[in-house]
Structure formats: C-alpha cells, structure tokens
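Asks: Under this note's numbering, the first residue of the sequence shown is numbered 1364, with each subsequent residue one higher.
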Amino acid sequence: MKHNIATLAVWDAFRQDGTCPLCLLERKQEHQLVTSHLENIMDPATRTLIEEKGYCGRHLRLLYERNDLLPLAIQLKDILVYRVGRRRKRYDEVRRHAERVPRLIRLLKKRSQIEDETCLICDELEEGTSLNIHIIFTLWKKEEDFRETAARCAGFCLPHEDLLLREAPLLLGGKHLSSFLSMITARQEDRFRTLEETLSYFIDQYDYRNAGRPWGTSREAVPRTIETLAGLILNEKKEK
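(1) Roughly how far, in whole angstroms, is the beta-carbon of residue 1442 from the beta-carbon of residue 1417, given that I think they are within contact range, below 8 Å?
(2) With burial defined as no fewer than 16 other Cβ atoms inside 10 Å of the residue's Cβ, what is the status of residue 1595: buried or exposed?
(3) For the region 1534–1554 against the region 1570–1582, do three or more pairs of beta-carbon atoms, one drawn from each stretch, fall closer than 8 Å, so that the two count as touching?
(4) Between the C-alpha atoms of residue 1438 and residue 1481, what's the straight-line distance to the nearest angstrom?
(5) DSSP three-state call for residue 1586: helix, strand or coil?
(6) Helix or strand or just coil, what does DSSP make of residue 1367?
(7) Hey, residue 1485 and residue 1422: beta-carbon distance below 8 Å or not?
(8) Whole angstroms is fine: what's the gap from residue 1475's alpha carbon to residue 1453's?
(9) With distance defined between alpha-carbon atoms, name the residue in 1520, 1550, 1535 nearest to residue 1511.
(10) Go through its chain and collect everything with a Cβ distance to residue 1369's Cβ below 8 Å, but skip five positions before and after it.
(11) Is the beta carbon of residue 1429 sitting closer than 8 Å to the one on residue 1401?
(12) Pairs of beta-carbons, one from the region 1554–1565 and one from the region 1579–1588, closer than 8 Å: are there three or more?
(13) Assign residue 1476 to one of three DSSP states: helix, strand, or coil.
(14) Can you tell which of 1373, 1517, 1574, 1399 has the C-alpha that lies nearest to the C-alpha of residue 1590?
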C-alpha cells in the first residue's frame, strides 16, 4: 500500500505506548487547527466559517491560552455580531409572546428558534477522526504488519472504541471484520483488566499495613482510567 502523511501518522499513533491511538491523532490535529485558525484570520472564507459556527467552550479556552489575542479578538467580534443579530430576532418573538406562557415555552423549545451550539474546530476534528478510521480499516485489510502492530497497541478510550465498533461492519467484511473485532475486544479486555488491577493497588497503598510498599506505576492509575473513560481530557499533550 502506498503511504502518505495521513497513513504514516496513523502508523505512528499505533506504535505509541499507553494512549488511545485515535486520541493521539485527534490531539495533534486539534493543536494544528488552533494554530491555523489564529494564523489565517484574514482569510475571508475562514472568517465566514468562524462567524457562522463559532467555537465551543473548550476551544475558546485553547485559543485564549495561546496568548495571541489580536486575531482572537477579531474572531470574537465577528461571532458576537453574527449571534447578536440572530438573537435579536428571537428576543422580538419572546417579547411578543411574554403574556402567553404556553406558546412562549413552545417557542423557546423549537430548535429552529434557538441557536444550536456549534464549533468549527469540533466539526473539523470529527471529519479528521472519520478519515483516520477509514485509514485504520484500509491498513487492516491490506497490511499484515499493521494488524500485528494494532494487536499490540494500548487499546482505545471508550468513545473511540464505540466509533470503531460502529463503523467496522460498514467498512470491513468477512475475515477482516472478524479478525478486527477479535483484536479490539481482546485489547480492550486487557486494558480494563490492567486498569482494575492498578487502581486496586493504588487504593490499597492507603492502607497503613502497606506503608513502605513501592508505588510502582499505580500513581498513573487515576489519569489512565479517566483517559480510558473519556479520552485525553487531562493535561492535553501539546505538539511541538
């Protein structure tokens, strides 16, 4: 199979120890997107997308933490003007129906009247993850070395496990589907067993009878478990 930057990135993520490969790929792309959105602020197409979609709280925080406040201020003004314009129409409706409570409640519940929470970076990350899942399944079908590497990987966080299990029957078939499902369930069971054992060891360390016993890797039990349950939400790893 001919490789490109995207396939090589997937390969590299599966070679890393301890972290869900799709989380690693997502964090790398997220870092690149935050940088790109701040650098391309004068691009009209980018500004239009930012204005219409805006950002979620997480990505506003990541943008703010870059301390590049001028491009962020320009984006925030665009978003604010766009959203205030839409909300003024909604405010007019609310005022008209203020005395008619049942109708007002229906009005406020209508999704068409209430601005959906959207985030441009979240949308782009979702597209990137979808592409990476397609690459994973293509590599699984075509490269034995990748299948062997995946079988030794650290396993996946639960959100990405769900994505892989949902997409596998749509993109794989026959022996490839069967072998992939066997691999992922085995890796996940190993991951869960290790986490349970390490958490138990960590908890037992607080028993006075275990005073002086080495901690080993048990100090990583809590963050590792959080990563497994929810993805890389702690101490996001910044790409250089």
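C-beta atoms are modelled at their ideal positions from N, C-alpha and C, and glycine is treated no differently. Since this is a predicted model, take the numbers as computed values, not measurements.
Replies: If we stick to the structure as given:
(1) Counting from one through the sequence shown, the residue named residue 1442 turns up at place 79. Counting from one through the sequence shown, the residue named residue 1417 turns up at place 54. Rounded, the Cβ-Cβ distance is 5 Å, consistent with contact.
(2) Looking up residue 1595 in the sequence shown gives position 232. Looking at its Cβ environment, which holds 16 or more other Cβ atoms inside 10 Å, residue 1595 is buried.
(3) Contact fails: fewer than three Cβ-Cβ distances are below 8 Å.
(4) Numbered from 1 along the sequence shown, position 75 holds the residue referred to as residue 1438. Numbered from 1 along the sequence shown, position 118 holds the residue referred to as residue 1481. Taking the straight line joining both Cα atoms gives about 15 Å.
(5) Numbered from 1 along the sequence shown, position 223 holds the residue referred to as residue 1586. In the structure shown, residue 1586 sits in a helix (DSSP, three-state: H, G or I).
(6) By one-based count along the sequence shown, residue 1367 stands at place 4. In the three-state scheme derived from DSSP, where H, G and I count as helix and E and B as strand, residue 1367 is classed as coil.
(7) The sequence position of residue 1485 within the sequence shown is 122, counting from 1. The sequence position of residue 1422 within the sequence shown is 59, counting from 1. In terms of Cβ geometry, residue 1485 and residue 1422 form a close pair [threshold 8 Å].
(8) Counting from 1 along the sequence shown, the entry for residue 1475 is found at position 112. Counting from 1 along the sequence shown, the entry for residue 1453 is found at position 90. Confidence in residue 1475 is poor, its pLDDT being 48 and thus under 50, which makes the residue's placement too unreliable to answer from.
(9) Taking the sequence shown and counting its residues from 1, one reaches residue 1511 at position 148. For the residues 1520, 1550, 1535, the minimum Cα distance to residue 1511 belongs to 1550.
(10) Against the sequence shown, residue 1369 aligns to sequence position 6. For residue 1369, where only same-chain residues beyond five positions count, the Cβ hits under 8 Å are 1494, 1495, 1498.
(11) On the sequence shown, residue 1429 is found 66 positions in, with the first residue counted as 1. On the sequence shown, residue 1401 is found 38 positions in, with the first residue counted as 1. Yes. Within cutoff.
(12) Between the region 1554–1565 and the region 1579–1588 there are three or more inter-stretch CB-CB distances shorter than 8 Å, so the stretches are counted as touching.
(13) Position 113 of the sequence shown, counted from the start, is the residue given in the question as residue 1476. Confidence at residue 1476 is low in this model, with a pLDDT of 45, below 50, so its placement is unreliable and no value can be given for it.
(14) Numbered from its first residue, the sequence shown carries residue 1590 at position 227. Residue 1517 is the option with its Cα nearest to residue 1590.
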